Amino acid sequence: VSVSEIELQNVKINCMVTSRFAHTVMTSMALNKANVSQEVFFDVELPKTAFITNFSMEINGNTYVGVVKEKEKAKKQYEAAVSSGKTAGLVKASGRKMEKFSVSVNIAANSNITFTLTFEELLQRRLGKYELMIRVKPKQLVQNFEIVADVFEPQGITFLNAHGTFITNELLPLVEKTVTDKRAHVSFSPTLDQQRKCPDCDGTLIDGDFFINYDVNREDMFGNIQIVNGYFVHFFAPADFPKLPKNVVFVIDRSGSMSGTKMHQTHEGLKTILNELHEEDHFGFVTFSGDVKAWKPSLTTATKENLKNAEAFVETITASGLTNINDAVLFAVKMLKDAMNKKTVPENSASMIILLTDGNPNEGESNIQSIQNNVKNAIGGEMTLFCLGFGYDVSYTFLDVMAKQNNGLARRIYEGSDAVVQLQGFYDEIANVLLSDVNFQYPENSVNSLTGSKFKQLFNGSEIVVAGRLNDNMMNDLPFEVTAQSVEKDLVFVGNATAQDWKTIFPDQEYIFGDFTEHLWAYLTIQNLLDKIEKGSPEEKIKATEDALELSLKYNFVTPLTSMVVTKPETEENPEDTFIADKLTEDQRRHVPQAAGVTLQRTYTSSVTNWVDSD
Amino acid sequence: PHFIIEFADQNDALCFNINDKPGTIFNLIKDPLIGIIVNGQTIGDKKIDPENTMNTYFGSFGIVHAKFGIRLVVTTQDILVSEKGKQSKLFWSDNISIKGSNMDLHVAKDRSLTVTLRNSVKFVIVLHKVWKKHPYHQDFLGFYTLDSHLFSQRVHGLLGQFFHGITFEVSDMFKGKDPDKPDATMFVKGHNLTVTRGWQKDFRKDLKKGENVPCWFVHKNGTGLIDGEIEDYIVSGLF
Numbered sequence: 137v138s139v140s141e142i143e144l145q146n147v148k149i150n151c152m153v154t155s156r157f158a159h160t161v162m163t164s165m166a167l168n169k170a171n172v173s174q175e176v177f178f179d180v181e182l183p184k185t186a187f188i189t190n191f192s193m194e195i196n197g198n199t200y201v202g203v204v205k206e207k208e209k210a211k212k213q214y215e216a217a218v219s220s221g222k223t224a225g226l227v228k229a230s231g232r233k234m235e236k237f238s239v240s241v242n243i244a245a246n247s248n249i250t251f252t253l254t255f256e257e258l259l260q261r262r263l264g265k266y267e268l269m270i271r272v273k274p275k276q277l278v279q280n281f282e283i284v285a286d287v288f289e290p291q292g293i294t295f296l297n298a299h300g301t302f303i304t305n306e307l308l309p310l311v312e313k314t315v316t317d318k319r320a321h322v323s324f325s326p327t328l329d330q331q332r333k334c335p336d337c338d339g340t341l342i343d344g345d346f347f348i349n350y351d352v353n354r355e356d357m358f359g360n361i362q363i364v365n366g367y368f369v370h371f372f373a374p375a376d377f378p379k380l381p382k383n384v385v386f387v388i389d390r391s392g393s394m395s396g397t398k399m400h401q402t403h404e405g406l407k408t409i410l411n412e413l414h415e416e417d418h419f420g421f422v423t424f425s426g427d428v429k430a431w432k433p434s435l436t437t438a439t440k441e442n443l444k445n446a447e448a449f450v451e452t453i454t455a456s457g458l459t460n461i462n463d464a465v466l467f468a469v470k471m472l473k474d475a476m477n478k479k480t481v482p483e484n485s486a487s488m489i490i491l492l493t494d495g496n497p498n499e500g501e502s503n504i505q506s507i508q509n510n511v512k513n514a515i516g517g518e519m520t521l522f523c524l525g526f527g528y529d530v531s532y533t534f535l536d537v538m539a540k541q542n543n544g545l546a547r548r549i550y551e552g553s554d555a556v557v558q559l560q561g562f563y564d565e566i567a568n569v570l571l572s573d574v575n576f577q578y579p580e581n582s583v584n585s586l587t588g589s590k591f592k593q594l595f596n597g598s599e600i601v602v603a604g605r606l607n608d609n610m611m612n613d614l615p616f617e618v619t620a621q622s623v624e625k626d627l628v629f630v631g632n633a634t635a636q637d638w639k640t641i642f643p644d645q646e647y648i649f650g651d652f653t654e655h656l657w658a659y660l661t662i663q664n665l666l667d668k669i670e671k672g673s674p675e676e677k678i679k680a681t682e683d684a685l686e687l688s689l690k691y692n693f694v695t696p697l698t699s700m701v702v703t704k705p706e707t708e709e710n711p712e713d714t715f716i717a718d719k720l721t722e723d724q725r726r727h728v729p730q731a732a733g734v735t736l737q738r739t740y741t742s743s744v745t746n747w748v749d750s751d
Numbered sequence: 008p009h010f011i012i013e014f015a016d017q018n019d020a021l022c023f024n025i026n027d028k029p030g031t032i033f034n035l036i037k038d039p040l041i042g043i044i045v046n047g048q049t050i051g052d053k054k055i056d057p058e059n060t061m062n063t064y065f066g067s068f069g070i071v072h073a074k075f076g077i078r079l080v081v082t083t084q085d086i087l088v089s090e091k092g093k094q095s096k097l098f099w100s101d102n103i104s105i106k107g108s109n110m111d112l113h114v115a116k117d118r119s120l121t122v123t124l125r126n127s128v129k130f131v132i133v134l135h136k137v138w139k140k141h142p143y144h145q146d147f148l149g150f151y152t153l154d155s156h157l158f159s160q161r162v163h164g165l166l167g168q169f170f171h172g173i174t175f176e177v178s179d180m181f182k183g184k185d186p187d188k189p190d191a192t193m194f195v196k197g198h199n200l201t202v203t204r205g206w207q208k209d210f211r212k213d214l215k216k217g218e219n220v221p222c223w224f225v226h227k228n229g230t231g232l233i234d235g236e237i238e239d240y241i242v243s244g245l246f
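As you go down the protein sequences, you meet chains X and P in turn. The opening position of the first sequence corresponds to residue 137 in the numbering used here, with each subsequent residue numbered one higher. The opening position of the second sequence corresponds to residue 8 in the numbering used here, with each subsequent residue numbered one higher.
Encoded structure:
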């Protein structure tokens, strides 16, 4: 809220995390103390990985609720506004991890307004911890400011830390944290004076990110299975496995656009990464611009001497020329395959290619789909491809799809002083493979609608999550089998999971939000389907789109296939205003200017209420 | 509970909700000439889901056929049958068919009970089983009349009053509060009501998902569509 005559009375951020699934409700209440009507802005930043599920505005006792609709249907409905040149959307890209939801509304003199935004996300385990991130920027002092988070983890919590980028020494004692075996409660509620930057000024200290990091016990090797009301979720992150030796080929873009800071940062990043290779690892370098060159024609053992030579080689990589991704990746594949065929690398080892590029292919094969097909056919499931897209000139979707088609993942490296840290961070996540070919099996006659159940690898510090529906809602038992390959042997975990009694686990807890396992399953299924839409065959794409849309609508998730339509109250100046909130794709984020403001759409519908679907 | 009145010949349906406190017993069918009464008692959730308001469902039904001396009490636990003083108990976990001189019963394990009363009525009670450890919800029942043409002209009750049809006219469709659900004016029983196009679920074929039945939704506990008010249908006991 940027107008001084608007008093921000209440900001409450309430997070409920149950078995890694986070449900966050942000509520903000403002009072217009002026004698004239004024515009109030509600800007919230939420994680890109979250799906908005609800938004409402309450003005003078009237509630205006956002309705999730099929994107095309919503667009068609409001195409008049779109065609008049006004951009659609309440959601804007905002930095690396967040996207911004913005809405503004005119409220009458001496009236108040309450905004409520709800979103859900599955927290991912990275480098041994889950992270819940809350961005708070109230822009002015708030009468009642509160962050409350409750974490419920049936496996038990091993540690939990709460900290914020804006937490000064004075504010630190206000971060209250209670952790018991399976439950944690975090709160932060500074008074008006405690929020002040200085005793006599109105500036607020509350401006930044609030983090909650935690991890859970992992006593059972086969993981933890939770069965709730016809749905199950299997969390798998066994501890204490030795790392698999890895065979890694770094495919580095040295085209002209990489020159300068990017190439310098690449040098630094690669040198750091080389230091983390172990003697049992094998590695190689392929560099490319219009042509392709290899440091050495075959993989090299990561001895101290070889690493030292490699560091010297890295320093010599200079940028110029075009971008031939196709031939470079195929060359790397051949290097790895040769090594596997000649058995110069250990049998139980993880083979991977790490591609770093900052641009689109423009030399050799430049058709993106052909490159994806060539790479997929060449790799044939025998190794994993990770792609790093450096900066914003790269087609991230191209890299993302290509990585996913080959059991890997992509990450954008943002241009900035910390690019080296980003490179290293990504490498740390994927470099330590504990298990390969991890497959989850459940009796076919007991489960359906299973999310992805085959994984090329399990990284140290990460977690695999599989969810599904039980054929019988009443089922309280589920047999399972997990197979995987470790450095020493093939592993088979067989067991039988039993539904836990939540009343016993959390006896004092009146309310653990309703059907969280079902929502977790839906969230994960939609993510899987969205991946399939990107990388599947034309038939698979159609089916996956239909299924993802159906689930998005059923669970009220704003996904790339749906939009939330928000109708504003009528005013004399604005007979009716309607907004659309979308979920941005990575490519859309790329095209949205960072500092985009809110643009209104005007159409002729009245306010929205749901009242018939009581089922 | 949701009420759906289907008009198969017109390919249309009316629907309304009846909300009252849990434990209330409603008369659904009363035919003094044939001697049939069907009453249903509502239940609530185990605990109110903080994100929703309290919903009510039917938890038990009492069915009487006075002339045949038949009484049935159907709950989410079991089915008590009493015929001319003789009593027996059936369980939802059974898969059983019983043919009697005046009544046939068929229990489809954990799904439904079909009751056929000779020369009068056939209906199905559907069991909605909810996960036992669910924090909020519990098992509940649905009641579907399959054949109602043999009821007398004096049949009444929340469902019974519609057994011999109803004349209604829907006109002046206009944009409702939800763009997907248009409103319209319905002229029925001498009242002009604002109704909304929506849908309810028929769970007879697909117990889990149900089938959507498009219908005209009458607001405020069916006011204007049902004769009188909901208080007129509240009775003191299942029989």
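The C-beta atom is built at its ideal place from N, Cα and C for all residues, glycine as well. Computed from a predicted model, the values in this text were never measured in an experiment.
Asked	Found
Burial state of X:Lys719, where buried means 16 or more other Cβ atoms lie within 10 Å	buried
Proximity test, Cβ basis, 8 Å: P:Asp185 and chain X	yes
Classification of X:Cys523 by the beta-carbon crowding that lies within 10 angstroms, buried from 16 upward	buried
Residue from X:Pro378, X:Ala486, X:Asn365, X:Leu614 whose Cα sits closest to the Cα of P:His144	X:Asn365
Within 9 Å of chain P by C-beta, residues of the region 624 to 635 of chain X in sequence order	Ala635
Selection from X:Phe595, X:Leu559, X:Gln560 that minimises the alpha carbon distance to X:Ser572	X:Phe595
Cβ-based neighbour list, X:Lys207, same chain, cut-off 6 Å, excluding 5 preceding and 5 following	Leu697, Thr698, Ser699
Beta carbon proximity, P:Lys136 to chain X, threshold 8 Å	yes
Contact set between P:Lys140 and chain X, taken where Cβ atoms lie within less than 7 Å	Ala635, Asp637, Trp638
Inter-stretch contact at 8 Å, needing at least 3 Cβ pairs: the region 68 to 79 of chain P / the region 110 to 130 of chain P	yes
Euclidean distance between Cα positions of X:Ile641 and X:Tyr266	21 Å
Cβ-based neighbour list, X:Asn543, same chain, cut-off 6 Å, excluding 5 preceding and 5 following	Thr520, Lys592
Below-8 Å beta-carbon distance, X:Met152 vs any chain P residue	no
Anticipated Cβ contact below 8 Å, X:Ala680 with X:Leu665, distance rounded	4 Å
The alpha helix (DSSP H) enclosing X:Tyr563, as first and last residue numbers	555 to 567
Cβ-based contacts, 8 Å cut-off: residues of the region 195 to 208 of chain X near chain P	Val203, Lys205
Beta-ladder partner(s) of P:Trp206, from DSSP	P:Pro221
Cβ of X:Gly527 within 8 Å of any chain P Cβ	no
Contacts around X:Ala320, its chain only, beta-carbon distance under 6 Å, and the 5 residues preceding and following it disregarded	Val287, Ile293, Leu296
beta-carbon X:Ile490 near the ligand SAM non-hydrogen atom, thresh 7 Å	As far as ligands go, the structure on display features none, and thus does not contain the ligand SAM.
Whether X:Glu256 touches X:Ala158 by CB criterion (8 Å)	yes
Through-space distance from X:Asn171 to P:Phe10, alpha-carbon basis	49 Å
Distance between P:Asp19 and P:Leu157 (C-alpha atoms, nearest Å)	22 Å
DSSP beta-bridge partners of P:Phe130	P:Val122, P:Thr152
X:Met399: first and last residue of the uninterrupted alpha helix (DSSP H) it sits in	397 to 411
Alpha-carbon to alpha-carbon, X:Gly202 and X:Thr223	Since pLDDT at X:Thr223 reaches only 40, below the 50 mark, its modelled position is unreliable, and no value is offered.
Cβ of X:Gly292 within 8 Å of any chain P Cβ	no
Start-to-end residues for the alpha helix (DSSP H) that takes in X:Thr640	638 to 641
Exposed unless 16 or more other CB atoms sit within 10 angstroms - verdict on X:Val630	exposed
Closest by C-alpha distance to P:Phe175, when choosing among P:His226, P:Leu200, P:Pro189, P:Phe23	P:Leu200
contact_flag[the region 501 to 513 of chain X, the region 527 to 541 of chain X] where n(CB pairs < 8 Å) is 3 or more	yes
Residue from X:Gln291, X:Glu289, X:Lys333, X:Ile283 with nearest C-alpha to X:Glu306	X:Lys333
Buried or exposed by the 16-neighbour rule on C-beta atoms within 10 Å, applied to X:Thr493	buried
Reference X:Lys668, options X:Val537, X:Ser582, X:Ala620, X:Val574, closest by Cα	X:Val537
Own chain residues within Cβ distance below 7 Å of X:Asn462, not counting five before or after	Pro497, Gly500, Glu501, Ile507, Asn510
C-beta atoms of X:Asp417 and X:Lys382 nearer than 8 Å	yes
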